[in-house]
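Accompanying notes for the structure given below.
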Amino acid sequence: MAGDKAVAQVWASRWVFILAATGSAVGLGNIWKFPYMTGVYGGGAFVLMYLLCIALVGMPVMLAETIIGRRGRHSPVVSLQHLAAEQGASSRWAYGAVMGLVCGLLILSFYSVVAGWSLSYIIDMGKGTFSGISGEQAGAAFGALTADPVKLILFHTVFMLMTAWVITRGVVAGLERALRWMMPVLFLLLLILLGYSLTTGHFMQGVEFLFHFDPAKVSEGLLPALGHAFFTLSVGVGSIMAFGAYMPRRAPVGATILTVGLLDTVVALGAGLALFPIVFAAGLEPGAGPGLMFVTLPVAFGNIAFGQVMGVVFFVLVAVAAWSSSISMLEPAVAYFSDRHAGGRVRFTWLLALVCWVLGIGTVLSFNQWAELKFFVSGSDGFALWAWGVEGGKTFFDLVDYLTSRIMLPLGGLIFVLFAGWILGRAVLREELEVQHPLLLNGLLLLLRVVAPAGILVVFVTELLK
191 MAGDKAVAQV WASRWVFILA ATGSAVGLGN IWKFPYMTGV YGGGAFVLMY LLCIALVGMP
251 VMLAETIIGR RGRHSPVVSL QHLAAEQGAS SRWAYGAVMG LVCGLLILSF YSVVAGWSLS
311 YIIDMGKGTF SGISGEQAGA AFGALTADPV KLILFHTVFM LMTAWVITRG VVAGLERALR
371 WMMPVLFLLL LILLGYSLTT GHFMQGVEFL FHFDPAKVSE GLLPALGHAF FTLSVGVGSI
431 MAFGAYMPRR APVGATILTV GLLDTVVALG AGLALFPIVF AAGLEPGAGP GLMFVTLPVA
491 FGNIAFGQVM GVVFFVLVAV AAWSSSISML EPAVAYFSDR HAGGRVRFTW LLALVCWVLG
551 IGTVLSFNQW AELKFFVSGS DGFALWAWGV EGGKTFFDLV DYLTSRIMLP LGGLIFVLFA
611 GWILGRAVLR EELEVQHPLL LNGLLLLLRV VAPAGILVVF VTELLK
């Protein structure tokens with residue numbers, strides 16, 4: 191049957207997999223969240239902790255997903271089913287991949303809405319809307335955008351169509367061709383912004399903000415570094431596993447994953463070095479958190495020389511980063527249904543994209559007409575699954591974000607890393623990684639079996655208790 195037929199197409203080279211995995215990892219969080227967190231949690235101290243957490247938690251999960259995908263040569267769900275059967279283990283391990291693909295679709299539903307904001311800002315920046323704008327005016331402009339459901343739905347629709355179009359064209363004609371130009375463009379745009387920031391006269395101030403070492407904040411930033419290291423690599427959804435299924439057999443897995451982790455970190459650091467000198471040049475406060483991208487930076491670009499052009503470049507960069515991530519969220523589910531039903535890739539792509547689009551309407555309305563609709567409300571009157579016009583609780587957007595980022599993603603990552611470490615075991619890891627030295631193999635097993643799962647559990651429990 192179709193589900194027993196292994197994936198026929200493979201990437202042209204391991205560098206295409208690197209582009210795919212890096213595109214999956216590099217997203218909206220790299221552009222604003224990492225630079226902001228670095229400044230808040232001690233600069234160089236946070237960077238050091240982040241790199242350690244990437245090495246000990248994030249990359250082992252990415253390694254596990256890649257090995258499972260390449261070994262299984264199917265969609266994530268079918269790969270786990272087949273590999274579990276080969277090892278005499280329960281087929282229930284595949285539930286982790288089912289949860290992952292559902293998680294990917296849920297994330298895409300709101301990610302598409304937020305990414306649509308960047309499309310709107312490309313147009314507004316190009317028209318000169320933000321020229322000479324003040325902070326209050328920028329905040330009002332962003333508030334007007336989120337208060338307009340028609341406009342939000344329009345850009346949400348455009349972004350979802352962009353994502354689905356790439357997926358419908360298949361592995362080679364769609365994913366590979368798109369990533370071959372998408373990722374170089376992303377790096378080029380980042381280099382242009384970085385070069386411009388060197389001319390602002392505030393570049394060293396930006397370097398100091400990012401990398402000053404504050405030992406007092408090491409303990410404060412450890413858990414944020416651990417959480418961000420896990421989530422920034424886009425693991426736990428099954429995207430890397432789906433891309434790993436197309437990976438050439440002769441490609442060295444370990445070196446490839448190290449390259450992806452390095453590129454992801456370079457983009458995050460490069461974004462900080464590019465953006466904060468621009469913020470300082472405009473005399474603004476860099477610690478703006480989530481408002482950095484859509485309020486602070488428009489003010490900065492609107493009040494510096496050549497800011498209009500550089501603002502367009504920046505929001506195109508944001509859109510490309512979001513686009514590369516979004517295709518990785520849709521691919522696992524499309525790969526699963528295509529694996530089960532030969533020739534149905536186009537049909538299932540549009541069907542699943544439609545599901546995400548409909549769910550995304552809930553996120554759109556969370557910022558305006560459904561803003562008073564809250565879920566999981568607890569108060570003096572007791573607990574309610576949902577209520578209207580009350581304090582506390584979560585909007586539809588908050589609820590979907592909570593379920594995916596705090597529950598489903600870490601559980602998915604935990605299942606994948608435990609499966610690779612304990613079920614596939616020593617012999618398979620030695621073969622897939624081509625590791626001969628017993629000490630190195632034992633070290634990898636320790637990471638997969640103990641260190642990474644412990645780190646994920648710390649993140650999981652800490653996030654649940656917030």
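Be aware that the sequence shown starts at 191, since it is given in my numbering, and climbs by one per residue. All C-beta atoms, glycine included, are put in the ideal place defined by N, C-alpha and C. Everything numeric in this text was worked out from a predicted model, so none of it was measured.
According to DSSP, is residue i part of a helix, a strand, or is it coil?
i      : result
ALA274 : helix
LYS195 : With a pLDDT of 49 at LYS195, under the threshold of 50, the predicted position of this residue should be treated as unreliable, though the coordinate-derived value follows. Here LYS195 sits in coil by DSSP.
SER513 : The displayed chain sequence assigns Trp, not Ser, to residue 513. In this structure, TRP513 counts as helix in the three-state DSSP scheme.
LEU575 : strand
VAL567 : strand
LYS223 : helix
LYS656 : coil
PHE557 : coil
PHE403 : strand
GLY426 : coil
GLY434 : helix
GLY232 : coil
PHE420 : helix
ASP338 : coil
GLY462 : helix
GLU326 : helix
Any idea if residue i is buried or exposed, counting beta-carbon neighbours within 10 angstroms, 16 or more meaning buried?
i      : result
MET500 : buried
ASP194 : In this prediction, ASP194 has a pLDDT of 44, which is less than 50 and means its spatial position is unreliable; nothing more can be read from the coordinates.
VAL353 : Looking at the sequence provided, one finds Thr at residue 353 rather than Val. Buried, because 16 or more other Cβ atoms sit within 10 Å of the Cβ of THR353.
ASN220 : buried
VAL206 : buried
ALA192 : The predicted model places ALA192 with a pLDDT of 37, which falls under 50 and marks its position as unreliable, so this point remains unresolved.
ALA644 : exposed
PRO438 : exposed
VAL649 : buried
Locate the alpha helix (DSSP H) running through residue i, then write down its first and last residues.
i      : result
LYS317 : 284-317
VAL607 : 599-608
GLY364 : Element bounds for GLY364: n/a, residue is neither H nor E.
ALA490 : 487-492
PRO250 : 249-262
PHE586 : 586-592
GLU622 : 615-623
GLY582 : From DSSP, GLY582 is part of no alpha helix (DSSP H); its letter is neither H nor E.
SER214 : 204-215
Alpha carbons only, please: which of the options is nearest the one belonging to residue i?
i      : options                           : result
LEU555 : PHE587, VAL545 and GLU581         : PHE587
ALA202 : TRP222, ILE257, ARG367 and VAL268 : ARG367
THR486 : ASP529, GLY473 and LEU542         : GLY473
LEU654 : GLY611, THR347, ILE430 and ARG596 : ARG596
SER429 : VAL651, THR652, LYS656 and LEU209 : LEU209
TYR526 : ARG620, ALA406, ALA543 and SER265 : SER265
TRP547 : MET252, LEU246, PHE403 and LEU295 : LEU295
VAL375 : VAL510, THR319 and HIS627         : VAL510
VAL361 : ALA275, GLU521 and HIS531         : GLU521
ALA432 : PRO225, VAL247, TRP222 and GLY259 : GLY259
THR539 : SER528, LEU549 and ALA532         : SER528
Could you tell me whether any non-hydrogen atom of the ligand ZN is closer than 8 Å to the CB of residue i?
i      : result
MET350 : The ligand ZN is not part of this structure, which contains no ligands at all.
- Message: Three Cβ pairs or more, each shorter than 8 Å: is that satisfied between the segment 510-524 and the segment 302-322?
- Response: Touching, yes, given that three or more Cβ pairs across the two stretches are closer than 8 Å.
- Message: For the segment 445-459 against the segment 283-298, do three or more pairs of beta-carbon atoms, one drawn from each stretch, fall closer than 8 Å, so that the two count as touching?
- Response: Contact fails: fewer than three Cβ-Cβ distances are below 8 Å.
- Query: Do the segment 461-472 and the segment 378-391 make contact, defined as three or more Cβ pairs closer than 8 Å?
  - Reply: With the rule of 3 Cβ pairs closer than 8 Å, the segment 461-472 counts as touching the segment 378-391.
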